[in-house]
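Quick note on the numbering used here: the sequence shown kicks off at 630 and runs consecutively. Taking it in order: structure first as C-alpha cells, then the write-up.
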Amino acid sequence: MEPGLSIESGSAIRVAVLPVGGPIPPPRLREYAALVARHARVDLASLRTYYAEHQKSPFQHQPWETGCLRLKFVLGGCVPSPWEDFQSSRKVLAVIGICHLPSSPDLDRVAADFIDAARSYPSALANRCFAFCPTDAQLSGKKRDDIIMFPPSDQQSLELHMLTMIQDLAASLLMEFEKWVLRAESTGTILKTPLDSQSSLGSEEVIKAKKRRLGRAQKIIGDYCLLAGSPVDANAHYTTAIELTRLTGDVFWHAGALEGSVCALVVDRMGQSDPVLEDEVKYRYYTIIQLYRRATLQDNAQRVSPVSFELEAALKLARYLCRQELAKEVSDLLMGAADGAKALIDASDRLILYIEIARLFGTLGYKRKAAFFSRQVAQLYLQQDNAYAAMSAMQVLTMTTNAYHVQSRKTMKMNHDLSKEPRAGNTDSGKVHAQSIVSLFESQWSTLQMVVLREILMSSIRAADPLSSWSAAARLLRSFYPLITPAGQSGLASSLANSADKLPTGTRCADPCLPFIRLHSFPLHPSQRDIVKRNPHKKEWWTGAGPSGPFIYTPFSKAGASGTSKQEVSWIVGEPVQVMVELANPCSFDLVVESIYLSVHSGNFDAFPVSVSLPPNTSKLVLLSGIPTKVGQISIPGCIVHCFGVITEHLFKEVDCLLLGAAQGLVLSDPFRCCGSSKFKSVNFPSISVVPPLPLLVANVVGGDGSILLYEGEIRDVLITLTNAGTMPVEEANVALLGKNQDSVISIAHSTWKSALPIKPGGEVTFAVTLRAWHLSSADLETDGGRSPANSRRIAREGINPLLDIHYAGRSSVLLASLENGDVSLPPGRRLVVPLNICVVQGMRLVRARLLSMEIPARFTETHLKPVSGKDINLLKIDPYKGSWGLRLLELELFNPTDVVFDVDVTVHLDDADVDQEVISEGDAACHKTRIDRDYSARVLIPLENFKLPVLDASFFVKESSSDEPLGSRAAAVAERNAKAELNASINNLISKIKVKWHSGRNSSGELNIKDAIQAALQASIMDILLPDPLTFSFKLAKNGTVINDDSSKDSGSVLRCKDPISAHEMTHMEVQIRNNTKEIIQMNLSISCKDVAGENCFDENSATVLWAGVLSDIHLEVPPLQELIHPFCMYFLVPGDYSLQAASVIIDATDVLRARAKAESPDEPILCRGSPFHIRVVGTA
C-alpha cells in the first residue's frame, strides 16, 4: 500500500528527487526541494516550446489549451513496486538529481553519482541533474549537457529558471509516453503482476494469458494516456480494456481498468460539482471493491494477496466522499477497510492503512476515532526496535492528545486558549461555562488518558527526547495523581528528574507539573498606601477623588459598581508589591520548588523569586513580591515555577477551571481540599495600573509605635515624625482628623510641618500633637475592673481612637504648568492614615463628693480677705478649714489607685481670675499642692459662698399663675422655661469654675472629671448655694468718723483684719455695711451684737465688758434695691481678749420672694437675716 492515494493519483507522474554529490545542508536541501515541488502542475500549453512531434501522436484528444501534466515528486526516491506493470502511476518515470556545488566542486564526480543513482530506476524515461550555487569557474568552464546549473540569483529568477527546466522535463516525458504507446500498440507487450508470477505454467494458463494480454495492454495504454494529460483517450482505452478483461475473466485487471476509467472521468471533470458524477463514481467504485474482493478470493492461496488494492479502493472512495453530509457512508467505508487490515501480511501495509483511516476520520471531524487509529499506528511503530520508530510513535501519539484532552499547552487549540487569554484579562475569572468544564475534564476517560500519556512517556524515552518525556510525565502526574499509587507517583517524579538531567539548564516547558497554584489575595504591603486621584481644579484635590480607606475594596462603594467594572489597583514605580498565592502538593513525596515568582509579560515588572518546600499532602500560602519598573498596565496570568529542573508557567485560570470542575463533580479531585485547605473561593483579579514614582511618607510616633498610655483627663504632647521614604519630594500636604474622639486632639502643630515643605527624599519633619485623654465610661470601668492597676495599661481599644488623615502629593507646580498648555493630568497623590493609639486608663479617682455645713466660729488670715460678691462690695471670705457658722463646704475625696505619684491642685475661677484654693490633706494644713502616693487619698474642701449670684431675682422662683386666660398660661409657661434655662446655666457655670488638676512626672498632667459628682452632691441644696442672702453685712474701721482707705488694689476699703489688733480702753470707730441683694426696697430692724469667747453677751447691762456709743439695736433702716447702707457706731473694750461681732435684721413686710428664699412656712412668720460672725482681737495697753 501507498500513503496519500486518491482517485486522481492515477494521473500523477512519479518523479524521484535525489540528492547527489557531496552532503547538502538540510536547510539548503529543503529549499531546493521546495523549489522543485512548487511546479507539480505543468500546463500543456506551456510545453509547445519544448515539444517536438516526430510522428503522429497517439493522443488524439490531447487538451492542449486546458490540460496539464501532474507531477508527484518523491524526495529521496522510493523502492520499486512489484505492481508497476499493473498501475503505471507506481513507476518512477523521471529522476531529478539535486547537487549543492559548494560541497561538490568536482562536476565529473557529480555526474557519475547521478548516473549511479538513476540506475536504480530502470523505468525512468527522463533524467535531469540540477546543480545549485556554482562558482564562477564552474560557470565559465565547458558547458555540460548532463548537469544543469542554477547560478546564484534572486528567488524570482530561480523560480523562473526552475519552471523552464520542469517544463522541458515534462515535454520530454510527454514525447516518451507517445513513443511507448505507439510501440505498445504495434508490437504489444507482456505484462505480469506478482499474482501471475505465482501461477503455474500449465497449458491452460498459457492460453489464458495470451487471451488476457490484449486487455491488459489496453489498460496500460490508458494509464499512459492519463499520465499524458489526455483523459478522453484514456477513457476510450479503459473501456476497451474493461470489455476484454470481462470476456477473458481477468477479474483483477478488470477492476484496475474500471478504476482507471473512474480516474479519467474525475480528471476530465476536475473542479465540477455534479451529483450525477458523484453517483457514477460511487457505483463504479463499489463495483471495483467487489471485483478486488473476488480477485482476492480467487487468489487466496497465493503468497501475495491483492487485498491491499481492495483497501486502497475503499480509501480512495472515502477520500472522494469525505465531507460531513456523507459522514455515515464514509465511516462505514473506513471501518470496513479497518476490518480488512487483518488480511494484510506486511506490517508496513497495516501501518499505512491505519494512517490513512486516521487522517480521513480526522478530516471528517471524528476526532476520537482518528485518535483510536492513530494509537494503532503508534503501536505498530513501537513494535519496531529503533529510535526513529519511537520518535514517529511519539509524534503520532502527540497528535491524539487533543482528542483525549491531554494535549500539551503548546499545541492546545481551543476556544478559550489559555496561553492567549491571560488571567488578568479575564473579567469573570471565577465563572466558567459548564460545557467547557466537561470538554476539559472528563473523568470517565481517565484510564484511557493515562494510557495515552504513559505511551507518550515510553516512546519519548525510547526516542531519547527528554523534553517530551518530561512533558508527558508532568501531565500524567498533574492530571491523574489521585489514580496513581504512591510508588507510581515517586516513579514519575524520578522520571521527571532523569529527564531534567538530560536537558540544558534553564529549559522551559509549556506544560506545568507540580505544585498547584491558585491566587489567594492581594495583601496590603507596608509601603503601599492609598492612591488618591488629584483634581487639578480644586485646592483640596483629594476631596471626592480617593478611596475611603486603606483597602482595595470597600463594601460601602456605590451599588452595582463592582458588578460592571473590575476593581482598580494602582502600583507605584519603584515600590515593592506583594501577591499572595496558595501552593498545594497532593502527592506522597516531598516537593522542592527551586524558585517561584510572578509571571508578567508586559515587561514593566521585576519579580523576586522565592524557594518553597512542600511536604506530602500539604498546602502553603506564599507571598510573591516584585517591583514595577515602568508606567503602564500590568497583567499577571500566573507564576513562573522552577521545579524538577525545568521552568514552567502555571496559569491561575487553569486552576480556577479545575477547582470549579471539582466543585461540580466533573473532575477527579480538588488538590487543595486534599491538602486540608479551605473551600474554593474565586478571587477577582483587579485591573492593575502602574503610576509614576510618588513620595512616600512613613509615620513614626516618637517614643514607640505602641499605645499612648494616658490617664483620664491627662494632657500630653505626642511627637509625630514623618519621613519621606520615596524618591520624589513632598511638595504639598494636608493634615486632618478622622475617627472617634476627635475632641481628644487639642491642637496640631501645623506650622511646624508646613515650614518643612518640600520634604526631600530621605528628609523628615517632627511636629507635636497635643492630646487630652477622654473620660472613661462606666462600661469601660467595669471592663477594666478585673485587671490589676499594673495590667490596665494595656492595649488601645480599636475603633475609638482618632486618626491623623494626611493627604500629600509630589511635584504639582511643574505639572500644573504643563496642564495649562495641554491635557496632561496630574500624577496621583497619596493618603497616609496615622492612628493615635490612645489607651486611657483610670488615674486619679474621685471617690465621692458631699456637701458639708460648718457652724464653728472662724479665724481669718489676710489671704482670705477677698471680694466675694460684686466688684463694689467687700464681703468676708470665711476660713473653710476651721469652719464658720452657717458655712456650706464641698468635700471631694480623691484616691490614687495607680503606681505613680500625683501632685494635685484645686483652682476656682472667679471673675476671670484664678484663685488658688488650699488643698489640705489630713495632717497637713499649710500645703498648696498635695502629693498623693499610691493607695493614698486626700480630701478637698471648697467653700460655696463664693458662688452665690449677685442678685436675688424673682425669676428663680417658679410661681403658679392663677390666671385662667390662655394668654396668661402661655406667658407663665414661657417664663417657667426661661427660669429653668437660666438656673441650669447658673448650675453649669458653678460647676465649671471648680478645677481639680494633677501633675505626674515631667510631662504628664491632666484634669479630673468632677462634673457629675458635684452635680449629684449639690442637687438637693443647689438653690441655697447659688441664691444670695437678701441682705449681706460687713464691718469696717473708721477714724474720726471717716472710712480709712487702703492703697491695696485688692480691697476697695479698709477691712478690719485680725493682724491689726484693737487696743483696749480706746474708743474704736466702726461701721456696718448693709447691702440689699434684691430688686425691691427692704425695710428692716437692725441689731448688732458682741460676744466674747465664752459666748456671753458683752452688751449686757449687768455685766458689760464693752461700752458703745450709738444705736446698736432696733435700728429701723430702709435699703434701696441693689444699694448699700452704712450705720456707724463706736465701741470701747474694757477687757482684752477675743470678741465676735454679728449683725442681724428682721425684715418688715417681706415679699413673696424673700419668704420663698427663707423657706417660710406661714405668711406671718418673721424673716430674719443674720451675717457671719466677725472676729476681733483686743489687746491691753502698757
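Don't be surprised by glycine CBs; every beta carbon is placed ideally from N, CA and C.
Quick one: grab the DSSP three-state call for Lys1506.
-> Residue placement at Lys1506 cannot be trusted, given a pLDDT of 40 that sits under 50; what the coordinates show is reported in the next sentence. Correct three-state label for Lys1506: coil.
Which one or two residues does DSSP pair with Thr1172 in a beta bridge?
-> Its beta-bridge partners do not exist; DSSP assigns none.
Does DSSP put Leu1523 in a helix, a strand or coil?
-> strand
Alpha carbon to alpha carbon, what distance is there between Ser718 and Leu787?
-> 29 Å
Can you round the beta-carbon distance between Leu855 and Gly639 to whole angstroms, since I take them to be within the 8 Å contact cut?
-> 6 Å
Can you tell which of Ala1116, Val1701, Asn1731 and His1034 has its C-alpha closest to the C-alpha of Ile1744?
-> Val1701
Alpha carbon to alpha carbon, how far is Asn1370 from Ile1467? Give it in angstroms, no decimals.
-> 10 Å
Beta-carbon contacts of Gly994 that lie in its chain and below 8 Å, excluding the five residues immediately before and after = Gln953 and Ala956
Would DSSP call Leu1148 helix, strand or coil?
-> strand
Would you mind giving the Cβ-Cβ distance between Val1327 and Ile1160, rounded to the nearest angstrom? I have them listed as a contact below 8 Å.
-> Val1327 to Ile1160, Cβ: 16 Å. No contact.
Which two residues bound the contiguous beta strand (DSSP E) that contains Leu1326?
-> Leu1326 to Val1330
Other residues of its chain near Gln1036: CB distance less than 7 Å, five sequence neighbours each side excluded | Thr1030
Please specify which runs of the alpha helix (DSSP H), each continuous and at least 4 residues long, are wholly inside the stretch 1272-1329, giving them in chain order.
-> 1281-1292 and 1300-1303
Beta-bridge partners of His1436, as assigned by DSSP | Asn1363 and Arg1460
CA-to-CA distance, Ala1693 to Arg1806, given in whole angstroms | 10 Å
Answer yes or no: do His668 and Ile777 have a C-beta to C-beta separation smaller than 8 Å?
-> no
Among Ser1634, Asp1140, Gln1013 and Arg1004, nearest to Asp1534 - alpha-carbon criterion | Ser1634
Alpha carbon of Ser1376 to alpha carbon of Glu1360, nearest angstrom = 23 Å
CB-CB under 7 Å to Asp1658, same chain, minus the five flanking residues each way: which ones, in chain order?
-> Asn1706 and Cys1798
Does the beta-carbon distance from Leu722 to Ile642 come in below 8 Å?
-> yes
In the structure shown, what three-state DSSP assignment does Tyr1340 receive?
-> strand
Start and end of the beta strand (DSSP E) containing Pro648?
-> Ala641 to Pro648
Can you name the start and end residues of the beta strand (DSSP E) that Ser1242 belongs to?
-> Val1239 to Leu1243
Can you tell me which of the three DSSP states Val1748 falls into?
-> strand
Apply the 10 Å Cβ neighbour rule to Thr1056 and answer buried if 16 or more other Cβ atoms are within range, or exposed otherwise.
-> Note that Thr1056 scores 36 on pLDDT, short of 50, meaning its location in the model is unreliable; the coordinates nonetheless yield the value given after this. Per the 10 Å Cβ criterion, exposed.
Using the beta-carbon count (16 or more within 10 Å), is Val1735 buried or exposed?
-> buried
So what does Ala1478 bridge to, in DSSP terms?
-> Leu1521
Could you tell me the distance, in whole angstroms, from the CA atom of Gly1834 to the CA atom of Ser1124?
-> Here the chain has residues from 630 to 1811 only, and residue 1834 is not among them.
Compare the beta carbon distance of Gly1524 and Ser1566 with 8 Å and say whether it is the shorter of the two.
-> In the sequence as displayed, the identity of residue 1524 is Phe instead of Gly. Yes, these two residues count as a Cβ contact at 8 Å.
Indicate whether at least one CB of chain B lies closer than 8 Å to the CB of Gly1135.
-> Annotation note: the requested chain B is absent from the structure, which comprises a single protein chain.
Would you tell me roughly how many angstroms separate the C-alpha atoms of Ile981 and Leu1105, rounded to the nearest one?
-> 29 Å
From Trp1514 to Ala1365, what does the alpha carbon distance come to, in whole angstroms?
-> Note on Trp1514: pLDDT 47, under 50, position unreliable in the model; the coordinate value appears next. Taking the straight line joining both Cα atoms gives about 56 Å.
Outcome for Leu768 when other beta-carbon atoms lying within 10 angstroms are tallied against a minimum of 16 | exposed
Classification of Ala1101 by the beta-carbon crowding that lies within 10 angstroms, buried from 16 upward = buried
Pick from Phe1001, Asp908, Ala666 and Pro823 that is closest to Leu925, judged by C-alpha positions = The identity of residue 925 in the sequence shown is Thr, whereas the question assumes Leu. Answer by Cα proximity: Pro823.
So Leu944 and Glu909 are in contact, right, with Cβ under 8 Å, and what is the actual spacing, rounded?
-> In fact, because the Cβ distance is near 19 Å, the residues do not count as touching under 8 Å.
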